[in-house]
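The number in the working numbering is simply the position in the sequence shown, starting from 1, with 19 added.
In this text, a Cβ means the ideal position worked out from N, Cα and C, and glycines have one as well.
Written below as structure tokens is the structure these notes are about.
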Amino acid sequence: DNEGGEVVGTTFLDTPGHVHFYQMREDSARVATAGLLVVASDERELQEQTIESINCLLDMDVPLVVAINKIDKKDANPKHTRALLEEIGLLG
20 DNEGGEVVGT TFLDTPGHVH FYQMREDSAR VATAGLLVVA SDERELQEQT IESINCLLDM
80 DVPLVVAINK IDKKDANPKH TRALLEEIGL LG
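Given below as structure tokens:
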């Protein structure tokens, strides 16, 4: 608690990437104050669960930070990953 009596803290919710965990992602977005979306740069397309996560966070008006990882892998293509995110309107 801080002096004003408000609870101050950080909670990390890590939702599984498996496509069948939609409800968990939605519940997490509902209670989140901010989201951190990590997208792999070695994927050819955005995963269905990545798009679900993005939509959940945006539907709940949750501020979102996007991190593109695995950029050191041989088959990484961060420019392509960024383009995929731009296509769905996340980056611009």
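{"Item": "State the beta-bridge partners of Asn96 as determined by DSSP.", "Value": "Bridge partners of Asn96: none, in fact."}
{"Item": "With a Cβ-Cβ cutoff of 7 Å, do Lys106 and Cys75 count as a contact?", "Value": "Correcting the residue identity first, residue 106 is Glu in this sequence and not Lys. No, these two residues do not count as a Cβ contact at 7 Å."}
{"Item": "Just mark Lys93 as buried or exposed, buried being the case when its beta carbon has 16 or more other beta carbons within 10 Å.", "Value": "exposed"}
{"Item": "Please state whether the Cβ-Cβ distance between Ile73 and Leu109 is less than 7 Å.", "Value": "yes"}
{"Item": "With a floor of 3 residues, list each beta strand (DSSP E) that falls wholly inside the stretch 46-80, ordered by position along the chain.", "Value": "54-59"}
{"Item": "Could you pull out every residue in the same chain whose Cβ sits closer than 8 Å to the Cβ of Met79, ignoring the five residues on either side in sequence?", "Value": "Ala48, Arg49, Ala51"}
{"Item": "Helix, strand or coil for Leu104? Go by DSSP, reduced to three states.", "Value": "helix"}
{"Item": "Which first and last residues belong to the beta strand (DSSP E) in which Leu83 is found?", "Value": "83-88"}
{"Item": "Less than 8 Å between the CB atoms is what I'm expecting for Leu104 and Val85, so what's the real figure, rounded?", "Value": "7 Å"}
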